[in-house]
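**Q** In order, the protein sequence lines correspond to chains A, B and C. Oh and the first sequence: position 136 is 138 in this note's numbering, straight run, nothing missing. Oh and the second sequence: position 136 is 359 in this note's numbering, straight run, nothing missing. Oh and the third sequence: position 56 is 85 in this note's numbering, straight run, nothing missing. No residue lacks a Cβ here, since even glycine has one placed at the ideal position from N, Cα and C. Can you keep this structure in mind? I'll have questions shortly.
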Amino acid sequence: MKQLLNNRHPYMFIAPAVILLTLFSVIPIIVALVISFTDMNLKGLANWSAISFIGLENYKELFSDATFIKSVFNTFFYVIIGVPLVIIASLSIALLLNYGTSWIFNTFRAVYYMPSITNIIAVAVIWGYLYNTEYGLFNYLLSLLTVDNIPWLEEPTIAKISLIILAVWKGIGINMIIFLAALQGIPKSYYEAAEMDGASRLQVLFHITLPLLRYATFFVTVTTLIGWMQFFEEPFVMTDGGPLDGTISIALFIYQEGFRYSEFGYAAAGSFILFAMIIIVTVFQFKLQKKDTDL
Amino acid sequence: MMLLIVVLSAVLVGCSGGDSESSGDNNEVTVWAMGEEGKLLKDFSKGFEENSDYTVDVQAIPWDQAHDKLLTAVASGNGPDVVQLGTTWVPEFAEAGALKDLSEYTEDYDSFAKENFFDGAVESMEYDDQVVGIPWYLDTRVLFYRTDLLEEVGYDEAPKTWDELKDAAGQLADRGDGMYGLDIDRNDQITPFIFAWQNGYEAKLENNELNFDTPEFKEAIEYYTSYFEEGISQTQQGKDITQAFADGSKPMFFSGPWMVNIINDQAPDIEGKWATAVMPKKESNTSSMGGSVLSVFESADNPEGGMEFISYMTETETQLDWAETSNTLPSRTEAWEDPMLKEDEMFATFGKQMEDAKPGLQTEQFERIAQELLGSIERITQGGADLDKELESFNEEAKSLLEK
Amino acid sequence: MATATKRSKAEKSLVILLLIIGGVLVSLPFLWMISSSFKPENEVLAIPPTIIPDNPTIENYINLFTSMNFTVYLRNTIIIVLFSFLGLLFNAMAGYGLAKYEFKGRERIFYLVLATMMIPGQVTMIPVYLILNSMGLTNTMTGIILPGLAVAFSIFLFRQFMITIPDDLIEAARLDGAGEFYIFFRLIIPIAKPIFAVQGILTFIAGWNSFLWPLIIANDESLYTLSVGLSLLQGQYANNFALQMAGAAFMVVPIIIIFAFFQKYIVEGFTMSGIK
Numbered sequence: 003m004k005q006l007l008n009n010r011h012p013y014m015f016i017a018p019a020v021i022l023l024t025l026f027s028v029i030p031i032i033v034a035l036v037i038s039f040t041d042m043n044l045k046g047l048a049n050w051s052a053i054s055f056i057g058l059e060n061y062k063e064l065f066s067d068a069t070f071i072k073s074v075f076n077t078f079f080y081v082i083i084g085v086p087l088v089i090i091a092s093l094s095i096a097l098l099l100n101y102g103t104s105w106i107f108n109t110f111r112a113v114y115y116m117p118s119i120t121n122i123i124a125v126a127v128i129w130g131y132l133y134n135t136e137y138g139l140f141n142y143l144l145s146l147l148t149v150d151n152i153p154w155l156e157e158p159t160i161a162k163i164s165l166i167i168l169a170v171w172k173g174i175g176i177n178m179i180i181f182l183a184a185l186q187g188i189p190k191s192y193y194e195a196a197e198m199d200g201a202s203r204l205q206v207l208f209h210i211t212l213p214l215l216r217y218a219t220f221f222v223t224v225t226t227l228i229g230w231m232q233f234f235e236e237p238f239v240m241t242d243g244g245p246l247d248g249t250i251s252i253a254l255f256i257y258q259e260g261f262r263y264s265e266f267g268y269a270a271a272g273s274f275i276l277f278a279m280i281i282i283v284t285v286f287q288f289k290l291q292k293k294d295t296d297l
Numbered sequence: 224m225m226l227l228i229v230v231l232s233a234v235l236v237g238c239s240g241g242d243s244e245s246s247g248d249n250n251e252v253t254v255w256a257m258g259e260e261g262k263l264l265k266d267f268s269k270g271f272e273e274n275s276d277y278t279v280d281v282q283a284i285p286w287d288q289a290h291d292k293l294l295t296a297v298a299s300g301n302g303p304d305v306v307q308l309g310t311t312w313v314p315e316f317a318e319a320g321a322l323k324d325l326s327e328y329t330e331d332y333d334s335f336a337k338e339n340f341f342d343g344a345v346e347s348m349e350y351d352d353q354v355v356g357i358p359w360y361l362d363t364r365v366l367f368y369r370t371d372l373l374e375e376v377g378y379d380e381a382p383k384t385w386d387e388l389k390d391a392a393g394q395l396a397d398r399g400d401g402m403y404g405l406d407i408d409r410n411d412q413i414t415p416f417i418f419a420w421q422n423g424y425e426a427k428l429e430n431n432e433l434n435f436d437t438p439e440f441k442e443a444i445e446y447y448t449s450y451f452e453e454g455i456s457q458t459q460q461g462k463d464i465t466q467a468f469a470d471g472s473k474p475m476f477f478s479g480p481w482m483v484n485i486i487n488d489q490a491p492d493i494e495g496k497w498a499t500a501v502m503p504k505k506e507s508n509t510s511s512m513g514g515s516v517l518s519v520f521e522s523a524d525n526p527e528g529g530m531e532f533i534s535y536m537t538e539t540e541t542q543l544d545w546a547e548t549s550n551t552l553p554s555r556t557e558a559w560e561d562p563m564l565k566e567d568e569m570f571a572t573f574g575k576q577m578e579d580a581k582p583g584l585q586t587e588q589f590e591r592i593a594q595e596l597l598g599s600i601e602r603i604t605q606g607g608a609d610l611d612k613e614l615e616s617f618n619e620e621a622k623s624l625l626e627k
Numbered sequence: 030m031a032t033a034t035k036r037s038k039a040e041k042s043l044v045i046l047l048l049i050i051g052g053v054l055v056s057l058p059f060l061w062m063i064s065s066s067f068k069p070e071n072e073v074l075a076i077p078p079t080i081i082p083d084n085p086t087i088e089n090y091i092n093l094f095t096s097m098n099f100t101v102y103l104r105n106t107i108i109i110v111l112f113s114f115l116g117l118l119f120n121a122m123a124g125y126g127l128a129k130y131e132f133k134g135r136e137r138i139f140y141l142v143l144a145t146m147m148i149p150g151q152v153t154m155i156p157v158y159l160i161l162n163s164m165g166l167t168n169t170m171t172g173i174i175l176p177g178l179a180v181a182f183s184i185f186l187f188r189q190f191m192i193t194i195p196d197d198l199i200e201a202a203r204l205d206g207a208g209e210f211y212i213f214f215r216l217i218i219p220i221a222k223p224i225f226a227v228q229g230i231l232t233f234i235a236g237w238n239s240f241l242w243p244l245i246i247a248n249d250e251s252l253y254t255l256s257v258g259l260s261l262l263q264g265q266y267a268n269n270f271a272l273q274m275a276g277a278a279f280m281v282v283p284i285i286i287i288f289a290f291f292q293k294y295i296v297e298g299f300t301m302s303g304i305k
């Protein structure tokens, strides 16, 4: 009887979401994969008979496209520096916020969530001001310390770091509330027991809290990585990929090819290279996690 | 709570099932117009409804997403009857065959005749000998300058030539730290071409000649980049131009008609201290021609109604009303004879400038080519690349884009 | 709370001080957004930016409400939000199914769900549109709602949290003769309250701000949402920043209310004894 139930029920639970995802995500992705082997552009969109299959031509061209190569490099730069920063920052803030339950902490939860609900134009205007080389607040503060003006958005490497700071600032909110929710899942009795045993605060953190946050941390790491591999909004509103293509990311490159220039085939090919890279990184994380749980 | 949502949702599912495709009512003309214009057009089109058997359904579309929206319309054939297109988009959508060729109807509708419009606007109506759009309103770039500051460096009138412009701007930039002479928007795609046209550059697209290797073109880019190299124009992202114009740190810049209102609204303090003038001249004082055309979609349900509507919108009288409503520049030359435009000093400058104004190169690759050029210029002014070499590789790149 | 009393006052003050410094840093743009909505246009881009308007005005708000077809946009937005909560339920069910049942193809389906997060949305936009078009759903509310119902991020998040729920609890309920859906609604949802609260916030924000699909699918402004209406206020060249900030400030108010409402569940936690 139970066997029978278990056969039917899981499918009933997952069916609505999976059917919708298949229809509006999986099938379109397959269509996009097919498009990536064609020379489809606006003309082809209007008249499908004008599309021709060109095999791996788009992919070959991408690997000799200097802008694309640069965007791959930049994307890795963003991911390698940004992802650990976001995770550490949001976890630390969540731990601090979990410290108390008074109204002060309630208020701060809302405050730290604010960046993720602030209108992107307001973000661009204010950060544009903070980063302004001549009039910006950052350089003004630095000038008080007699430090020379820093070209926050005008030198390729510094501009990348500036965008990372902005994105970390913006990305903390959502991960913070996920960590906060996860922290509630840790039974208080664990802490009490540890305290009785005379464990130090750091020992509790490393031996109780962090291990029990394993599933949440794994989720945050995977989704943050996927999100940062598709780094888009910050360069889009702040620099449009400049200076000298110094901040262009793969997702921005795809957007420009696909929507600004209507080279759909080429853009689709670019996104499948990105897709492949994300899969490799994600599978690697799953492998690590499996090993972790075995231990 | 969850249960409540489920019940509520179930009810809503029931309700929304009744929506159906819009009916093929052939007395209705559907129009897609962009942003602010779209909103204004809704009321404005009542004038058309009164004078014809048609009703008009205007859908306003935000500028930033208009391109996406048009793509889906092209892909599905679910477009409107009439669409507003920025002039730079015309070649792209015409090449895709998304726009109806109106050339055989020019006899039926007087206001479609090419003679009605400025030369520069006529160029943007045509694609491959087809008439794919009728100019609705125009814009062009002119020189905005601070009369008081120019006077201080000995210019009672706006600079009239390249040399005068450079001289005046140079003097203004020497006023001190943080002071500039002329602001050039480095992200603007058309500005390098404006300089090039002024220097006698011309592309011959009918022969597939871009002519980026001509001395005229190279000289113009040298002139453009010299402003940055000599510190007359600001290389970094500085203040917002309206503010810099108001505080005098950037006393000259090129821009379009929309800027008049912005300055009036945002910098009322400098009223009477600034003016507009036609472009300074080298071989010519050519400027760019922009604006929007109205086109009939190839997949329109009601092309006749669409043409009827476009015809109404491009009549001289309607054009004058629309100019008043929306603060845009009419495309009909005849409208410019009207005292309303002739006697307004700001409008008059634009009217004069439009007699010598050109749209961007009429190829669907123009945006891309222009973006490549901006990239090259950035490498020259900021990356310190060699101008000759950069232009050479840009020329190669542009040629290969054109062959696509 | 037994531990709290043992912590020194000084330590708590330090934590609060740290939070305040960080709080100012993170909230500046937000405060600027609110204050700019009360500024006249010539003050918005002033350098340096002002947090307190020099010449406060409510003209932007008057402008905002008179220039928009407000009631229609609000109605559409609310419909979308309500349906997105139906989507939330689907996602929770899928997350539960993937976390707590053994069945054939489970891994594969899970990876497939994850894979849908890995392609930039821009690439699939046109195919999705064509699918909806072939189903005859363009220019309908259904067409706007459907593509956004199932969210891989959400399914994944539910799965990660529900996996930590002890199997014994579910087994015990089954032995008591509870049906599978009864277990899900009566046992699992209460336990997973914190994560439902997080998802509630995220779902509300996504629905409330929904922009692209209403715009792409609608061939009629009667299907536009508030976000689309606001973006119509932008010109091709000129941006009216003060008006946009008024729009943004208006849009964010309900989000803050929802956040305040849900956030207490995030930290409320659950106690094992409360379940039985």
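1. Using a cut-off of 8 Å between C-beta atoms, extract the partners of L325 of chain B located in chain A.
2. Mind checking the stretch 263–291 of chain C against chain B and listing, in chain order, the residues whose C-beta falls within less than 7 Å of any C-beta there?
3. On the DSSP letters alone, give me the boundaries of the beta strand (DSSP E) that R369 of chain B sits inside.
4. Look at S264 of chain A and N43 of chain A and say whether their C-beta atoms are less than 7 Å apart.
5. On the criterion of 16 or more Cβ atoms from any shown chain inside 10 Å, does V152 of chain C qualify as buried, or is it exposed?
6. Within the continuous beta strand (DSSP E) that includes A280 of chain B, where are the two ends?
7. Would you mind reading off the limits of the beta strand (DSSP E) that contains V252 of chain B?
8. Following the continuous alpha helix (DSSP H) through M122 of chain C, name the residue where it begins and the one where it ends.
9. In the DSSP assignment, find the alpha helix (DSSP H) that holds T219 of chain A and state where it starts and stops.
10. Using the Cα positions of T310 of chain B and R555 of chain B, report the straight-line distance between them to the nearest angstrom.
11. Grab the span of the alpha helix (DSSP H) containing W497 of chain B for me, first residue to last.
12. Skipping 5 residues on each side, what residues in its chain have a beta carbon closer than 6 Å to that of T537 of chain B?
13. Using C-beta distances below 7 Å, list every residue in its chain close to K289 of chain A, excluding the 5 sequence neighbours before and after it, in chain order.
14. Taking 7 Å as the CB-CB cut-off, is I128 of chain A touching chain B?
15. Helix, strand or coil for D307 of chain B, going by three-state DSSP, please let me know.
16. Answer with yes or no whether the minimum CB distance from S251 of chain C to chain B is below 7 Å.
17. Mapping DSSP to helix, strand and coil, what is T167 of chain C?
18. Would you say Q228 of chain C lies against chain A (beta-carbon separation less than 7 Å)?
19. Answer yes or no: does any C-beta atom of chain C fall closer than 7 Å to that of S239 of chain B?
20. Going by C-alpha to C-alpha distance, which of B:R364, B:N484 and B:D266 sits closest to G514 of chain B?
21. Using 8 Å as the cut-off, can you tell me whether the stretch 133–145 of chain C makes contact with the stretch 195–214 of chain C, which would need three or more C-beta pairs spanning the two stretches below that distance?
22. Are any of the Cβ atoms in chain B nearer than 7 Å to that of T135 of chain A?
23. Check whether chain A comes within 7 Å of K305 of chain C, counting only Cβ atoms and requiring the distance to be less than that.
24. What residues from chain C crowd round T295 of chain B, counting only those whose CB sits closer than 7 Å?
25. The beta strand (DSSP E) spanning L517 of chain B covers which residue range?
26. If you follow the beta strand (DSSP E) that M475 of chain B is part of, which residue opens it and which one closes it?
27. With Y133 of chain A as the anchor, note down where its alpha helix (DSSP H) starts and where it stops.
28. If contact means a Cβ-Cβ distance below 8 Å, which residues of the stretch 257–279 of chain A contact chain B?
29. Which residues in chain F have a C-beta closer than 8 Å to the C-beta of M257 of chain B? List them in chain order.
30. Please work out which residues of its chain come closer than 6 Å, Cβ to Cβ, to L259 of chain C, disregarding the five sequence neighbours upstream and downstream, and give them in chain order.
31. Given this structure, state the Cα-to-Cα distance separating K565 of chain B from A571 of chain B, to the nearest angstrom.
32. The alpha helix (DSSP H) that contains G264 of chain C, what's its start and end?
33. Is the shortest distance between the beta-carbon of I76 of chain C and the beta-carbons of chain B less than 7 Å?
34. Name the residues in the stretch 134–160 of chain A whose C-beta lies less than 8 Å from a C-beta of chain B; which are they?
35. Enumerated in chain order, which unbroken segments of the beta strand (DSSP E) with a length of 3 residues or greater are wholly contained in the stretch 407–458 of chain B?
36. Taking just the CA atoms, how far does V281 of chain C sit from Q390 of chain B?
**A** Judging by the given coordinates:
1. Looking up residue 325 of chain B in the second sequence gives position 102. Chain A residues near L325 of chain B: none, gap ~18 Å exceeds 8 Å.
2. For chain B, the residues of the stretch 263–291 of chain C that bring a beta carbon within less than 7 Å of one of its beta carbons are Q263, G264, Q265, Y266 and A267, in chain order.
3. What you label residue 369 of chain B is simply residue 146 of the second sequence in a count that begins at 1. From DSSP, the beta strand (DSSP E) with R369 of chain B extends over V365 to R369.
4. Position 262 of the first sequence, counted from the first residue, corresponds to residue 264 of chain A. Position 41 of the first sequence, counted from the first residue, corresponds to residue 43 of chain A. Yes, the Cβ-Cβ distance between S264 of chain A and N43 of chain A is below 7 Å.
5. Working through the third sequence from its first residue, we reach residue 152 of chain C at position 123. With a 10 Å radius around the Cβ and a threshold of 16 neighbouring Cβ atoms, V152 of chain C comes out buried.
6. Locating residue 280 of chain B in the second sequence gives position 57, counting from the first residue. Residue 280 of chain B is actually Asp in this sequence, not Ala. For D280 of chain B, the enclosing beta strand (DSSP E) stretches over residues T278 to I284.
7. As a working mapping, residue 252 of chain B is identified with position 29 in the second sequence. Counting along the chain, the beta strand (DSSP E) containing V252 of chain B begins and ends at E251 to M257.
8. Translated into the one-based positions of the third sequence, residue 122 of chain C becomes position 93. Segment F99 to K129, the alpha helix (DSSP H) holding M122 of chain C.
9. By 1-based counting over the first sequence, the position of residue 219 of chain A is 217. Here the alpha helix (DSSP H) through T219 of chain A covers R216 to M231.
10. For the purposes of this step, residue 310 of chain B is identified with residue 87 of the second sequence, where counting begins at 1. For the purposes of this step, residue 555 of chain B is identified with residue 332 of the second sequence, where counting begins at 1. Looking at the two C-alpha atoms, the distance is approximately 16 Å.
11. Walking along the second sequence from the start, residue 497 of chain B turns up at place 274. Here W497 of chain B belongs to no alpha helix (DSSP H); instead the beta strand (DSSP E) covers W497 to A500.
12. Along the second sequence, one-based indexing puts residue 537 of chain B at 314. The answer, listed in chain order, is S334 and I357.
13. Reading the first sequence from its first residue, position 287 is the one you call residue 289 of chain A. Excluding the 5 residues flanking it on each side, K289 of chain A has no same chain C-beta neighbour closer than 7 Å.
14. Locating residue 128 of chain A in the first sequence gives position 126, counting from the first residue. Output row for I128 of chain A: interface = no.
15. Within the second sequence, residue 307 of chain B is the residue found at index 84, counting from 1. Checking the displayed sequence, the identity of residue 307 of chain B turns out to be Gln instead of Asp. Of the three classes helix, strand and coil, the one that applies to Q307 of chain B here is strand, per DSSP.
16. Along the third sequence, one-based indexing puts residue 251 of chain C at 222. Judged by the 7 Å Cβ criterion, S251 of chain C is not in contact with chain B.
17. On the third sequence, residue 167 of chain C is found 138 positions in, with the first residue counted as 1. In the three-state reduction of the DSSP assignment, T167 of chain C falls in the coil class, being assigned neither a helical nor a strand state.
18. Residue mapping note: residue 228 of chain C aligns to position 199 of the third sequence, counting from 1. It does not: the Cβ of Q228 of chain C has no partner Cβ on chain A nearer than 7 Å.
19. Here residue 239 of chain B refers to the residue found at position 16 when the second sequence is read from its first residue. Note that S239 of chain B scores 41 on pLDDT, short of 50, meaning its location in the model is unreliable; the coordinates nonetheless yield the value given after this. Yes, S239 of chain B counts as interfacial toward chain C.
20. In the second sequence, residue 514 of chain B corresponds to position 291, counting from 1. Nearest of B:R364, B:N484 and B:D266 to G514 of chain B, Cα basis: B:R364.
21. Segments in contact, no.
22. Counting from 1 along the first sequence, the entry for residue 135 of chain A is found at position 133. Yes, its Cβ sits closer than 7 Å to a Cβ of chain B.
23. To locate residue 305 of chain C, count along the third sequence from 1; it is residue 276. Caution applies to K305 of chain C, whose pLDDT of 29 falls short of 50 and renders its modelled position unreliable; the model cannot decide the point.
24. The sequence position of residue 295 of chain B within the second sequence is 72, counting from 1. The contacting residues are I155, Y158 and I245.
25. On the second sequence, position 294 is the one that residue 517 of chain B refers to. The continuous beta strand (DSSP E) containing L517 of chain B extends over residues S510 to V519.
26. Residue 475 of chain B sits at position 252 when you count from the first residue of the second sequence. First-last of the beta strand (DSSP E) with M475 of chain B: M475 to S478.
27. Counted from its first residue, the first sequence places residue 133 of chain A at position 131. First-last of the alpha helix (DSSP H) with Y133 of chain A: I122 to Y133.
28. Closer than 8 Å at the C-beta level to chain B, one finds these residues of the stretch 257–279 of chain A: F261, R262, Y263 and S264.
29. Checking the listed chains, one finds no chain F in this structure; the protein chains it contains are A, B and C.
30. Start at 1 with the first residue of the third sequence, and residue 259 of chain C comes out as number 230. Taken in chain order, the residues that qualify are G276.
31. Reading the second sequence from its first residue, position 342 is the one you call residue 565 of chain B. Reading the second sequence from its first residue, position 348 is the one you call residue 571 of chain B. Straight-line Cα distance between these residues: approximately 5 Å.
32. As a first step, residue 264 of chain C is located in the third sequence; it is residue number 235 there, counting from the start. Run containing G264 of chain C: none; DSSP gives neither H nor E here.
33. For the purposes of this step, residue 76 of chain C is taken as the residue at position 47 of the third sequence. By this cut-off, I76 of chain C is an interface position.
34. For the stretch 134–160 of chain A, the set of positions with a beta-carbon nearer than 8 Å to some beta-carbon of chain B reads N134, T135, E136, Y137, P153, L155 and E156 in chain order.
35. For the stretch 407–458 of chain B, not a single whole beta strand (DSSP E) run of length 3 or above is found.
36. As a working note, residue 390 of chain B is residue 167 in the second sequence. As a working note, residue 281 of chain C is residue 252 in the third sequence. Residue identity differs from the one stated: residue 390 of chain B is Asp in this sequence, not Gln. Cα-Cα distance, rounded: 51 Å.
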